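Trainee: One structure, as structure tokens, below. Some questions next.
2 protein chains.
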Amino acid sequence: MARSPSASDADHSATAKLPAEGTQARRFGKTRSAQSTALLEDYVELIADLLAGEGEARPTDIARRLGVSHATAIKSISRLKRAGLATARPYRGVFLTDKGRALADRVRVRHRLVVDVLQALGVPSEAAEADAEGIEHHVSETTLKAFAQFLKARG
Amino acid sequence: MARSPSASDADHSATAKLPAEGTQARRFGKTRSAQSTALLEDYVELIADLLAGEGEARPTDIARRLGVSHATAIKSISRLKRAGLATARPYRGVFLTDKGRALADRVRVRHRLVVDVLQALGVPSEAAEADAEGIEHHVSETTLKAFAQFLKARG
DNA sequence: TGCAAAGTGTAGCTTAGGTTACACTTTGAC
DNA sequence: GTCAAAGTGTAACCTAAGCTACACTTTGCA
Ligand SMILES: [Mn+2]
Ligand SMILES: [Mn+2]
Ligand SMILES: [Mn+2]
Ligand SMILES: [Mn+2]
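Taken in sequence, the protein lines are chains A and B. Be aware that the first sequence starts at 52, since it is given in the working numbering, and climbs by one per residue. Be aware that the second sequence starts at 52, since it is given in the working numbering, and climbs by one per residue.
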């Protein structure tokens, strides 16, 4: 088609609000990759909590808490194993590897921080908890630092 | 297996940090459904921006800005059509329906607000823009109101 | 001691979202 | 006017994540 120059060249756009193509693509790409790790993060966080709270993490408990079928949970646990985050033997519950425990720790801290910031901004606690469950996976290290700073400065 | 009572009954857990099963399941379910609309939201927002800035929204431009192949963009545009958010005729670009425009407006306002709050918290602008691209899809109406309130109160 | 209920695992299906490869339109430039 | 390059559409394939249905283990309790 040999790309018409009429509406696309340079920056003479009406509102001048579109970011550079590559910049925008990089941002969306980051978001997509965050989504692909979100599920792993939620699983390891939950498994760590169950292990700490109940002494064991069983597929059915995990499934019930996530609101999915046990079959779905079991398949995701396989993905955790493939990713080197968890171990599990048939009928014997799920455990975290060192790597899984390390991830769970980071994820738990981040979750807490996101909830605290939301509440500091005046978000009611149930909304803060619910929204944090999704937001946490998209908060970069840079943003995390700013959050910590903000909470500290604010007492 | 008849569920052993030993470690699961009541609330006598060690750390007492786990939310009620149903509450937690509801939160995770909300997050999952937000993820399923995130892609639609990003597409309509981008299409609206392209229409405003360039006068047209073509599959290849959309694909380049999202950082995906044009084939992927075209398939997602089909999903937008199925959802009643967009129209498109072969080789003729993409347009938004009234519903699509309305969604784009809401999404743009929300995107802006999230970026502004992040920056107000001290997040550098590129990180704010990048993180907002993911965060925005998980911000509830309740949280949105709190954000607006916070920005107003703070000048 | 056994057996039913609960839990676990697997198979088969679906949708979403991504890819590459290839064929078909469109259109600006010559 | 032609025609090549750019854009568009479609097919075939992949993985992730969800589901239901069904078969197999485990284990508390009668
Ligand atoms: Mn989460
Ligand atoms: Mn979490
Ligand atoms: Mn977005
Ligand atoms: Mn956005």
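The C-beta atom is built at its ideal place from N, Cα and C for all residues, glycine as well. Bear in mind that the values here come from a model prediction, so they are computed numbers and not experimental data.
With which residues is residue 119(B) paired in a DSSP beta bridge?
Mentor: Its beta-bridge partners do not exist; DSSP assigns none.
Trainee: Run down chain A in chain order and give the residues with a C-beta less than 9 Å from the C-beta of residue 190(B).
Mentor: By Cβ distance, chain A contributes 182, 185, 186.
Trainee: Would you please state the rounded distance, in angstroms, between the beta carbons of residue 179(B) and residue 164(B)? I believe it to be under 8 Å.
Mentor: Going by Cβ atoms, the distance from residue 179(B) to residue 164(B) rounds to 12 Å, so no, they are not a contact pair.
Trainee: Taking only beta carbons into account, state which residues of the stretch 146-179 of chain B come closer than 8 Å to chain A, listed in chain order.
Mentor: So the list reads 168, 169, 172, 173, 174, 175, 178, 179, given in the order they occur along the chain.
Trainee: Report the neighbours of residue 82(B) on chain A: residues whose CB is nearer than 7 Å to its CB, in chain order.
Mentor: What residue 82(B) touches in chain A: 184, 185.
Trainee: Is residue 189(A) near ligand 4, going by C-beta to nearest heavy atom under 7 Å?
Mentor: No, since every heavy atom of ligand 4 falls outside the 7 Å radius drawn around the Cβ of residue 189(A).
Trainee: So is residue 96(A) in contact with chain B if we call contact Cβ pairs under 8 Å?
Mentor: Not closer than 8 Å to any Cβ of chain B, the Cβ of residue 96(A) fails to qualify, so no.
Trainee: Report, in whole angstroms, the separation of the C-beta atoms of residue 158(B) and residue 95(B), which I expect to be a contact under 8 Å.
Mentor: Their Cβ separation, rounded to whole angstroms, is 7 Å, which keeps residue 158(B) and residue 95(B) in contact under 8 Å.
Trainee: In angstroms, rounded to a whole number, what distance separates the CA positions of residue 124(B) and residue 113(B)?
Mentor: Answer to the nearest angstrom: the Cα atoms are 7 Å apart.
Trainee: So, with DSSP's three-state summary, where would you put residue 71(A)?
Mentor: Coil, per DSSP.
Trainee: Say yes only if the C-beta of residue 89(B) is nearer than 7 Å to one or more non-hydrogen atoms of ligand 3, and no if none qualify.
Mentor: At least one heavy atom of ligand 3 is nearer than 7 Å to the Cβ of residue 89(B), so yes.
Trainee: May I have the straight-line CA-CA distance separating residue 189(A) from residue 182(B), to the nearest angstrom?
Mentor: One C-alpha to the other measures close to 6 Å.
Trainee: Under a three-way DSSP split, which group does residue 172(A) fall into?
Mentor: Note: residue 172(A) maps to coil in three-state DSSP.
Trainee: With 8 Å set as the bound, which would you pick, yes or no: does the beta-carbon of residue 92(A) sit closer than that to a beta-carbon of chain B?
Mentor: With 8 Å as the cut-off, residue 92(A) does not count as an interface residue toward chain B.
Trainee: May I have the straight-line CA-CA distance separating residue 102(B) from residue 155(B), to the nearest angstrom?
Mentor: Those two C-alpha atoms are separated by around 12 Å.
Trainee: Express the C-alpha separation of residue 175(A) and residue 68(A) in angstroms, rounding to a whole number.
Mentor: C-alpha separation (whole angstroms): 33 Å.
Trainee: Check the Cβ of residue 76(B) against every Cβ in chain A and list those closer than 8 Å, keeping chain order.
Mentor: Going along chain A in sequence order, the residues near residue 76(B) (Cβ under 8 Å) are 115, 116, 117, 118.
Trainee: Helix or strand or just coil, what does DSSP make of residue 164(A)?
Mentor: Helix at residue 164(A).
Trainee: Pick helix, strand or coil for residue 131(B), following the three-state DSSP scheme.
Mentor: Helix, per DSSP.
Trainee: So does residue 82(A) have its beta carbon nearer than 7 Å to some heavy atom of ligand 1?
Mentor: False, no ligand heavy atom lies under 7 Å from that Cβ.
Trainee: Which same chain residues end up closer than 8 Å to residue 86(B) when comparing Cβ atoms and leaving out the 5 residues on each side of it in sequence?
Mentor: Excluding sequence neighbours, residue 86(B) sits near 188.
Trainee: Going by CA-CA distance only, name the one from 106(A), 93(A), 73(A) that's closest to residue 144(A).
Mentor: Of the candidates 106(A), 93(A), 73(A), the one whose C-alpha sits nearest the C-alpha of residue 144(A) is 106(A).
Trainee: Hey, does residue 242(A) have any beta-carbon neighbour from chain B nearer than 8 Å?
Mentor: Only positions 52 to 206 of chain A appear in the structure, and residue 242(A) is not among them; the question remains open.
Trainee: Closest to residue 137(B) by CA distance: which of 186(B), 79(B), 91(B) is it?
Mentor: Cα-wise, what sits closest to residue 137(B) is 91(B).
Trainee: Residues in the same chain with beta-carbon distance under 7 Å from residue 199(A), minus the five sequence neighbours each way, listed in chain order, please.
Mentor: Cβ within range, chain order: 164.
Trainee: Between 171(A), 153(A), 193(A), 191(A), which has its C-alpha nearest residue 204(A)'s C-alpha?
Mentor: Comparing Cα positions, the closest option is 171(A).
Trainee: Please report the residue range of the alpha helix (DSSP H) in which residue 108(B) lies.
Mentor: Per DSSP, residue 108(B) belongs to no alpha helix (DSSP H) and is neither H nor E.
Trainee: What is the C-beta distance between residue 150(A) and residue 173(A), in whole angstroms, given that I count them as a contact (C-beta under 8 Å)?
Mentor: Rounded, the Cβ-Cβ distance is 37 Å, inconsistent with contact.
Trainee: Three-state secondary structure (DSSP) at residue 136(A)?
Mentor: In this structure, residue 136(A) counts as coil in the three-state DSSP scheme.
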